[in-house]
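**Q** Here it is, the structure in full.
Protein chains in written order, with the numbering used here: chain D, 58 to 387; chain H, 58 to 387.
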């Protein structure tokens, strides 16, 4: 118990983050004027301590991750952020210092990504910290990039690098099976992988390129292999992916040299928050130029082909079997 | 563990509830075309087992309460529902039967209130069941009814009856201090009060009347006395309320006869989900007629006057002191 009422808490920590549509967070609801000629893109993600982050992660990382996983969805749909709502369940032992760190970081990202706080709800949790963010974006009418839309022959592109966050999570858990490669990995590489798990980089810079050139797109959040399979299946497509074509960070490559079996969590671990999209070959050069112009690396990893099988991953030694294609919660 | 993947679970339980903007819940986001000339009203509420409902409440009650508390906010703002997003954290011991009951009831309300599911997120909770709903409504541009807006001399109206849910919660808790009045209260009155706690009735039927006639409105969720104080304070108003004017259900009256001290939880307990609004005296008759036309009782409980004190509640015996004006979470 802090002695603060819910209203005090909102006024002190969250009202400074509110955009004009948030009405100073003193009303029952936000009031948002949608940009004319646009449709709204809405997404929500819930994060719980012990499931989606570690309870002792720094509050700034938790705040930013919660917002960024939603912004990643908006980016993949080609949308421009308009704002977000936050539901926050604070554990019994919350402190004002923790909440100040959380709110300050959330405000930094809200400003940095031009996505102001519109409203929310703050409650006390009998258990772990949990939070749910709903983000709202806009695209010109009829231009949201769908997940179902991959056409036969499309080139499949991913942004950034794949697998870092999955390795970062293994690093943080430090289980016996990962002892050796972790011990061998240099500190900067470890730091890179950890940060990729803790702090996603939503590819909002890429939203216009995706909107202009992609037939289909999604953000990779539950593992590259599984998410690729999900996207392809929706339009009866399959693909053969040469693992050598999948973009990896130097840190992931270093880990992979130490333990080649890590290719499995790299390809199927979660939390990448990169964009996967399908581009007609005739548009590929233009898409790559548009991505380059905003400083985001995009890499073609294969080609969609009509088919009903899950994507096949091939190394120089032959097909690689991925026991679990995608992280599943249930 | 059910053997269901998250996608299976969504396809089976939630996709049937999705409106067209929900895209069958197979995409990363919903795509909503806002009605031209309207602005969007956005609200979010989080509910946690053991805090906002009892963990063993029936799943249909939990589902409906979670949606309805949000619809209540839309109603108070004069908005028409467009849809909602659901974040659901299921406890480890969830069952398919429970989830089927939850989803069916949610679907009934989504249909009944013309507020389709647009999207969501389903995760596993290490602790209690929790859920967060974000509801989206629309009002014609410039016509959202604000919370700050009470003018000097406005009549203060409430819908329905006050205090039932607060008594219903006391009934459910059945603590020692409540033993006598509970034992004396007839079964139908008990059932009425319990249901008012478990299953709010959002006053959506009143949204047009509120939009046309109210200077200010809010839904009463944290206790009538406290919420009234919050609304008045925003424009430098106060009020004197004669307790005899506050509309009570027969069940609440019966309880009050048995224990007059219950007037305090009646006036300051939470979960009423009635609308509180401020109407210019010249509009009062028209407002009452509009409410009557949609079958919702509205009752004037007092008049706003410029002032800085909290609202004064008077009985025939003099002022009644409310120790805690409003339920506070922190």
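C-beta atoms are modelled at their ideal positions from N, C-alpha and C, and glycine is treated no differently. Every value quoted in this text rests on a predicted model; they were computed, and no experiment measured them.
If we define contact as Cβ-Cβ less than 7 Å, is residue 91/D a contact residue for chain H?
**A** Along the first chain, read from residue 1 onward, the residue named residue 91/D stands at position 34. It does: the Cβ of residue 91/D has a partner Cβ on chain H nearer than 7 Å.
**Q** Do residue 268/D and residue 202/D count as a contact pair if the criterion is CB distance below 7 Å?
**A** As a working note, residue 202/D is residue 145 in the first chain. As a working note, residue 268/D is residue 211 in the first chain. Contact: yes.
**Q** Rounded C-beta distance between residue 122/D and residue 317/D? I'm assuming under 8 Å.
**A** On the first chain, position 65 is the one that residue 122/D refers to. On the first chain, position 260 is the one that residue 317/D refers to. Actually they do not touch by this definition, with Cβ atoms about 30 Å apart.
**Q** Given this structure, state the Cα-to-Cα distance separating residue 276/D from residue 85/H, to the nearest angstrom.
**A** Translated into the one-based positions of the first chain, residue 276/D becomes position 219. Translated into the one-based positions of the second chain, residue 85/H becomes position 28. Spanning the two alpha carbons is a distance of roughly 8 Å.
**Q** Please report how far the alpha carbon of residue 312/H lies from the alpha carbon of residue 246/H, in whole angstroms.
**A** By one-based count along the second chain, residue 312/H stands at place 255. By one-based count along the second chain, residue 246/H stands at place 189. Distance between the alpha carbons of residue 312/H and residue 246/H: 9 Å.
**Q** List the residues of chain D that residue 84/H touches, going by C-beta distances under 7 Å, in chain order.
**A** As a first step, residue 84/H must be located in the second chain, where it is residue number 27. Residues of chain D passing the Cβ test: 203 and 204.
**Q** With a threshold of 7 Å between beta carbons, is residue 175/D in contact with chain H?
**A** Taking the first residue of the first chain as 1, we reach residue 175/D at position 118. Yes, residue 175/D counts as interfacial toward chain H.
**Q** Step through the CB atoms of chain H and report whether any lies within less than 7 Å of the CB of residue 88/D.
**A** Residue numbering aside, residue 88/D sits at position 31 when the first chain is read from its first letter. Yes, contact with chain H.
**Q** Just to check, is the beta-carbon of residue 307/D closer than 6 Å to a non-hydrogen atom of the ligand PLP?
**A** Here there are no bound small molecules, and the ligand PLP is not part of this structure.
**Q** Taking residue 185/H as the query, report the chain D residues whose CB atoms sit under 7 Å from its CB, ordered along the chain.
**A** Taking the first residue of the second chain as 1, we reach residue 185/H at position 128. In chain order: 183 and 184.
**Q** Distance, Cα to Cα, residue 179/D vs residue 367/H?
**A** Looking up residue 179/D in the first chain gives position 122. Looking up residue 367/H in the second chain gives position 310. The alpha-carbon atoms of residue 179/D and residue 367/H are separated by roughly 24 Å.
**Q** Looking at the structure shown, is residue 96/D part of a helix, part of a strand, or coil, going by DSSP?
**A** Position 39 of the first chain holds residue 96/D. Strand.
**Q** Do residue 100/D and residue 142/D have their C-beta atoms within less than 7 Å of each other?
**A** Within the first chain, residue 100/D is the residue found at index 43, counting from 1. Within the first chain, residue 142/D is the residue found at index 85, counting from 1. No, the Cβ-Cβ distance between residue 100/D and residue 142/D is not below 7 Å.
**Q** Please list the segments of the beta strand (DSSP E) lying wholly inside the stretch 290-369 of chain H, counting only runs of 3 or more residues, in order along the chain.
**A** Runs found: 294-299, 331-336 and 355-363.
**Q** For residue 188/H, collect the residues of the same chain with a Cβ closer than 6 Å to its Cβ; drop the 5 residues on either side in sequence, then sort them by chain order.
**A** Taking the second chain and counting its residues from 1, the one referred to as residue 188/H is at position 131. Contacts found: 104, 123 and 145.
**Q** Residue 183/H by DSSP, collapsed to three states: which one?
**A** Against the second chain, residue 183/H aligns to sequence position 126. In the structure shown, residue 183/H sits in coil (DSSP, three-state: anything other than H, G, I, E or B).
**Q** CB-CB under 6 Å to residue 173/D, same chain, minus the five flanking residues each way: which ones, in chain order?
**A** Counting from one through the first chain, the residue named residue 173/D turns up at place 116. Cβ neighbours of residue 173/D beyond the five flanking positions: 76, 140 and 167.
**Q** Between the C-alpha atoms of residue 330/D and residue 371/H, what's the straight-line distance to the nearest angstrom?
**A** Counted from its first residue, the first chain places residue 330/D at position 273. Counted from its first residue, the second chain places residue 371/H at position 314. About 58 Å.
**Q** Note the first and the last residue of the continuous beta strand (DSSP E) segment covering residue 375/H.
**A** The count along the second chain starts at 1 and reaches residue 375/H at position 318. It spans 375-377 - the beta strand (DSSP E) in which residue 375/H sits, taken as one unbroken run.
**Q** According to DSSP, simplified to helix, strand and coil, what is residue 270/H?
**A** The residue given as residue 270/H occupies position 213 in the second chain. DSSP places residue 270/H in helix when its eight states are reduced to three.
**Q** Using C-beta distances below 8 Å, list every residue in its chain close to residue 58/H, excluding the 5 sequence neighbours before and after it, in chain order.
**A** If you number the second chain from 1, residue 58/H lands on position 1. Unreliable positioning characterises residue 58/H in this predicted model, as indicated by a pLDDT of 49, which lies under 50. The coordinate reading is nonetheless provided below. Cβ neighbours of residue 58/H beyond the five flanking positions: none.
**Q** Roughly how many whole angstroms lie between the Cα atoms of residue 296/D and residue 272/H?
**A** Numbered from its first residue, the first chain carries residue 296/D at position 239. Numbered from its first residue, the second chain carries residue 272/H at position 215. Residue 296/D and residue 272/H: Cα-Cα distance of roughly 60 Å.
**Q** For chain H, find out if any of its Cβ atoms is closer than 7 Å to the Cβ of residue 295/D; answer yes or no.
**A** Looking up residue 295/D in the first chain gives position 238. It does not; no Cβ of chain H falls within 7 Å.
**Q** Could you run through the stretch 137-160 of chain D and flag, in chain order, every residue whose CB is less than 7 Å away from some CB of chain H?
**A** Residues 142, 144 and 146.
**Q** Taking the beta carbon of residue 314/D as the centre, do at least 16 other beta carbons fall within 10 Å, making it buried, or is it exposed?
**A** As a first step, residue 314/D must be located in the first chain, where it is residue number 257. Exposed, because fewer than 16 other Cβ atoms sit within 10 Å of the Cβ of residue 314/D.
**Q** Take residue 80/D and list the residues in its own chain whose beta-carbon comes closer than 7 Å to its own, dropping the five residues that flank it on each side.
**A** Residue mapping note: residue 80/D aligns to position 23 of the first chain, counting from 1. Closer than 7 Å at the Cβ level, and outside the excluded window around residue 80/D, lie 87 and 88.
**Q** Does the Cβ-Cβ distance between residue 274/H and residue 112/H come in under 7 Å?
**A** Looking up residue 274/H in the second chain gives position 217. Looking up residue 112/H in the second chain gives position 55. Cβ atoms of residue 274/H and residue 112/H: not closer than 7 Å.
**Q** Please check if any C-beta of chain H sits within less than 7 Å of the C-beta of residue 103/D.
**A** Here residue 103/D is taken as the residue at index 46 of the first chain, counted from 1. Yes, its Cβ sits closer than 7 Å to a Cβ of chain H.
**Q** Three Cβ pairs or more, each shorter than 8 Å: is that satisfied between the stretch 61-71 of chain D and the stretch 153-167 of chain D?
**A** The stretch 61-71 of chain D vs the stretch 153-167 of chain D: in contact.
**Q** Just checking, does the stretch 301-310 of chain H make contact with the stretch 350-357 of chain H on the three C-beta pairs under 8 Å criterion?
**A** As far as the Cβ criterion goes, the stretch 301-310 of chain H touches the stretch 350-357 of chain H, which means the pair count is three or higher.
**Q** Restricting to Cα atoms, I'd like to know which of 127/H, 186/H, 91/H and 332/H is closest to residue 280/H.
**A** Residue numbering aside, residue 280/H sits at position 223 when the second chain is read from its first letter. When each option's Cα is compared against that of residue 280/H, the closest is 332/H.
**Q** Could you check how far apart the C-beta atoms of residue 326/D and residue 220/D are, in whole angstroms? I think they sit under 8 Å.
**A** Taking the first residue of the first chain as 1, we reach residue 326/D at position 269. Taking the first residue of the first chain as 1, we reach residue 220/D at position 163. That pair is a contact at about 6 Å.
**Q** Under the three-state reduction of DSSP, which class applies to residue 58/D: helix, strand or coil?
**A** Taking the first residue of the first chain as 1, we reach residue 58/D at position 1. Because the pLDDT of residue 58/D is 48, which lies under 50, any placement of that residue in the model is unreliable, and the question is left without a value.
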